[in-house]
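Residue numbers (this note's numbering): 197 to 788.
Report on the structure given below.
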Amino acid sequence: MMEERMGDCWSYTKDQFDNLEKHTQSGIEFVERYTKFVKERSEIEINYAKQIRNLSKKYQPKKNSREEEENKYTSCRAFLSTLNELNDYAGQHEVIAENLTSQIIAELSRYLTELKAERKSHFHDGRKAQQHIESSWKQLEASKRRFERDCKEADRAQQYFERMDADINVTKADVEKARQQAQMRHQMAADSKTEYSNFLTKFNQEQNEHYHTLIPNIFQKLQEMEERRIERVGMSMKTYAEVDREVLPIVGKCLDGMTKAAESIEPKTDSKQVVESYKSGFEPPGEVEFEDYGPGQSMKRTVSETSLSNSRGEAKERPSGGKSKGKLWPFIKNKNKLSLKLITLNSHVRNLIEGSGPEDFSHLPPEQRRKKLQAKIDDFNKDIQKEMDQKDALTKMKGVYEKNPQMGDPASVDPRLVEIAMNIEKIQSEVQKFEGWLAEVEGRLPSKSDPPRRQSGLYETQNSNSTTVGNNCAQDRESSPDGSYTEEQSSETQVKVAIANTPEFDDEFDDGDEETLPTIGTCKAIYQFEGNTPLTGHNEGTISVTEGELLYVIEEDKGDGWTRVRRNEEEEGYVPTSYVEVFLEPNAKERL
197 MMEERMGDCW
207 SYTKDQFDNL
217 EKHTQSGIEF
227 VERYTKFVKE
237 RSEIEINYAK
247 QIRNLSKKYQ
257 PKKNSREEEE
267 NKYTSCRAFL
277 STLNELNDYA
287 GQHEVIAENL
297 TSQIIAELSR
307 YLTELKAERK
317 SHFHDGRKAQ
327 QHIESSWKQL
337 EASKRRFERD
347 CKEADRAQQY
357 FERMDADINV
367 TKADVEKARQ
377 QAQMRHQMAA
387 DSKTEYSNFL
397 TKFNQEQNEH
407 YHTLIPNIFQ
417 KLQEMEERRI
427 ERVGMSMKTY
437 AEVDREVLPI
447 VGKCLDGMTK
457 AAESIEPKTD
467 SKQVVESYKS
477 GFEPPGEVEF
487 EDYGPGQSMK
497 RTVSETSLSN
507 SRGEAKERPS
517 GGKSKGKLWP
527 FIKNKNKLSL
537 KLITLNSHVR
547 NLIEGSGPED
557 FSHLPPEQRR
567 KKLQAKIDDF
577 NKDIQKEMDQ
587 KDALTKMKGV
597 YEKNPQMGDP
607 ASVDPRLVEI
617 AMNIEKIQSE
627 VQKFEGWLAE
637 VEGRLPSKSD
647 PPRRQSGLYE
657 TQNSNSTTVG
667 NNCAQDRESS
677 PDGSYTEEQS
687 SETQVKVAIA
697 NTPEFDDEFD
707 DGDEETLPTI
717 GTCKAIYQFE
727 GNTPLTGHNE
737 GTISVTEGEL
747 LYVIEEDKGD
757 GWTRVRRNEE
767 EEGYVPTSYV
777 EVFLEPNAKE
787 RL
């Protein structure tokens with residue numbers, strides 16, 4: 197009965213250890229699973245921050261690009277500020293990932309190592325205590341069985357002695373021998389009893405210590421270990437939330453910065469910037485004078501300044517006698533020349549957009565040219581200031597070397613000073629050159645107080661006798677053959693004023709009959725060029741040439757890339773200068 201009860205106790209204790217072992221193992225697995233969760237969250241934050249940074253970098257304006265030029269607008273600057281704030285926003289997600297790694301993942305990894313070692317130690321102590329109590333019980337059982345056996349042997353020896361003593365046929369020596377044997381067995385039984393009693397006392401003490409001290413202590417340690425594990429997980433979860441909360445103020449500032457950037461957008465300021473950027477500086481034309489009708493006089497046709505139409509039949513209406521030198525609006529006089537000037541202007545517009553063109557920015561309108569020249573001068577002045585600063589620093593260094601020769605050779609600074617002086621002189625010459633161009637532009641720009649004047653001299657009579665053809669004369673619009681008014685509304689309308697105010701147009705367009713230009717040389721076509729034809733209808737004002745064809749040059753390239761040539765008395769036009777090889781006559785420049 198006692199053995200059954202002890203066996204039940206040991207089995208129950210062993211089952212409890214098995215349950216605790218399974219539970220603590222599941223607790224460790226939970227910590228590992230939570231650590232893996234935080235690690236994956238950290239990786240997500242890193243990848244998200246990387247993608248946000250790449251997005252911000254992708255839309256950053258490229259250097260020396262049109263996007264960088266657009267940063268002068270408030271909307272573009274606001275977008276740039278948003279990208280910068282977004283970059284800082286990505287940085288906060290990187291901070292989250294770093295804090296999750298350092299404050300949770302690393303800490304839990306170290307704690308898991310310690311937890312596994314502690315758990316192993318506690319279960320090792322429990323198994324050791326269990327093995328010890330089982331060993332004590334086995335010793336007690338062995339001593340008990342030995343005591344029982346000795347007692348039975350003593351009883352059998354005593355009975356044998358009594359039978360021998362009662363038998364008269366047994367010798368006295370045999371009786372004495374049986375008596376000694378019985379005494380010896382009784383002594384052995386007494387010794388076994390003492391040993392059994394000692395083992396029993398020891399086992400009871402150990403058993404009491406086992407169930408009341410050792411096992412409770414081990415269970416208590418396991419309980420404390422489990423509580424610390426749960427508490428550590430709770431602290432990690434709290435830290436997980438705090439890591440996000442710590443960056444919220446900075447994230448809020450990033451969002452506030454985006455909002456502030458959006459609120460800083462000023463549409464009116466941007467529109468003024470556009471006006472300021474593309475303001476040409478050309479002066480609008482003056483009013484068209486009234487021309488009265490008189491007997492024997494024909495009325496000059498008034499062509500709309502916004503029309504690209506050619507004045508049909510103008511030669512027929514013009515009197516045969518005398519040449520009027522009054523200048524027309526440049527879009528009316530020569531249709532072929534007009535097309536070439538429009539082509540040239542389009543190339544100028546492209547140069548303006550792409551940032552290419554002559555060094556003096558002569559391809560730009562006056563106002564834009566003035567701004568470019570002024571900006572160039574400012575850059576040169578900054579370079580001069582930098583060189584001056586370097587010169588002052590080197591001069592001071594040379595003075596220190598002269599006072600303390602051990603620090604350096606003063607002569608070693610002279611080559612650099614000479615180089616800086618040459619650089620300054622070179623930059624100053626550039627400044628003078630650009631200042632001359634700037635003075636030229638500012639001299640041509642009209643004053644705001646000046647009354648508007650006719651830039652193209654439209655319908656101004658400049659006869660050699662300086663006579664006024666008509667005062668207060670009626671002027672008619674250019675009409676189509678059917679009598680209806682024609683006002684062409686095309687995309688070139690906006691650039692007419694710019695062309696009209698170009699000085700070369702004033703010199704090239706007259707009101708009188710155009711004289712036949714003299715030949716100034718010859719040219720040979722080195723490439724085939726498809727000019728204006730009735731079938732194609734493009735490259736208006738040009739003339740087709742074939743490779744190897746010889747033509748007469750009547751007007752040299754004026755910097756717009758076109759040369760005016762003549763095939764015969766009635767066929768002339770413009771060809772690309774790069775398509776022909778020009779041979780000018782020796783005195784061509786003097787005649788021009």
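No residue lacks a Cβ here, since even glycine has one placed at the ideal position from N, Cα and C.
N- and C-terminal bounds of the beta strand (DSSP E) containing residue i
i: Lys720; result: 717-721
i: Leu780; result: 776-780
DSSP bridge partner residues for residue i (one or two, in chain order)
i: Arg762; result: Tyr748, Glu768
Cβ separation of residue i and residue j, assumed to be a contact under 8 Å, to the nearest whole Å
i: Leu613; j: Gln570; result: That belief does not hold up - the Cβ atoms of Leu613 and Gln570 are roughly 31 Å apart, past 8 Å.
i: Thr718; j: Val749; result: 6 Å
i: Leu282; j: Ser252; result: 5 Å
i: Met360; j: Asp370; result: 6 Å
i: Met593; j: Val609; result: 6 Å
i: Lys720; j: Val776; result: 7 Å
i: Phe213; j: Phe319; result: 7 Å
Reduced DSSP category for residue i - H, G, I as helix; E, B as strand; rest coil
i: Phe725; result: strand
i: Glu487; result: strand
i: Trp712; result: For the record, residue 712 in the displayed sequence is Thr; it is not Trp. Residue state, collapsed to three classes: coil.
i: Thr742; result: coil
i: Gly604; result: coil
i: Lys218; result: helix
i: Gln628; result: helix
i: Pro481; result: coil
i: Asn280; result: helix
i: Lys754; result: coil
i: Thr502; result: Because Thr502 sits at a pLDDT of 43, beneath the cut-off of 50, its placement in the model cannot be relied upon, and the point is left open.
i: Gln685; result: Below a pLDDT of 50, predicted positions are generally treated as unreliable, and Gln685, at 38, falls in that range; the measurement from the model is reported next regardless. Looking at Gln685 - three-state DSSP - the assignment turns out to be coil, as it is neither helix nor strand.
i: Asp211; result: helix
i: Gly737; result: coil
i: Glu236; result: helix
i: Asn365; result: coil
i: Glu294; result: helix
i: Phe701; result: Below a pLDDT of 50, predicted positions are generally treated as unreliable, and Phe701, at 41, falls in that range; no measurement from the model is reported.
i: Thr231; result: helix
i: Lys468; result: helix
i: Lys475; result: coil
i: Lys259; result: coil
Boundaries of the alpha helix (DSSP H) in which residue i is found, first to last residue
i: Ala386; result: 368-405
i: Gly595; result: 562-599
i: Lys268; result: Where Lys268 is concerned, there is no enclosing alpha helix (DSSP H), given that its DSSP letter is neither H nor E.
i: Asp440; result: 411-459
i: Asp361; result: 302-362
i: Tyr255; result: Careful: Tyr255 lies outside any alpha helix (DSSP H) and carries neither H nor E.
i: Asp556; result: Here Asp556 belongs to no alpha helix (DSSP H), and DSSP marks it neither H nor E.
i: Glu462; result: Neither: Glu462 is in no alpha helix (DSSP H) and is coded neither H nor E.
CB contact check: residue i to chain C, cutoff 8 Å
i: Pro445; result: Among the chains in the structure shown there is no chain C, since it carries only a single protein chain.
Cβ contact (3+ pairs, closer than 8 Å) linking the segment 213-221 and the segment 412-428: yes
Three or more C-beta pairs below 8 Å linking the segment 423-440 and the segment 289-309: yes
Any 3 or more C-beta pairs closer than 8 Å across the segment 238-252 and the segment 288-301: yes
Given 8 Å, three or more beta-carbon pairs between the segment 321-337 and the segment 223-242: no
Sufficient close CB pairs (3 or more, under 8 Å) joining the segment 364-381 to the segment 344-354: yes
Any 3 or more C-beta pairs closer than 8 Å across the segment 293-300 and the segment 433-442: yes
Inter-stretch contact at 8 Å, needing at least 3 Cβ pairs: the segment 383-396 / the segment 357-366: no
Inter-stretch contact (C-beta, 8 Å, three-pair minimum) for the segment 454-469 and the segment 554-564: no
Three-pair Cβ contact test at 8 Å for the segment 620-639 versus the segment 595-607: no
At least three beta-carbon pairs within less than 8 Å, the segment 766-786 to the segment 743-757: yes
Given 8 Å, three or more beta-carbon pairs between the segment 404-414 and the segment 322-329: yes
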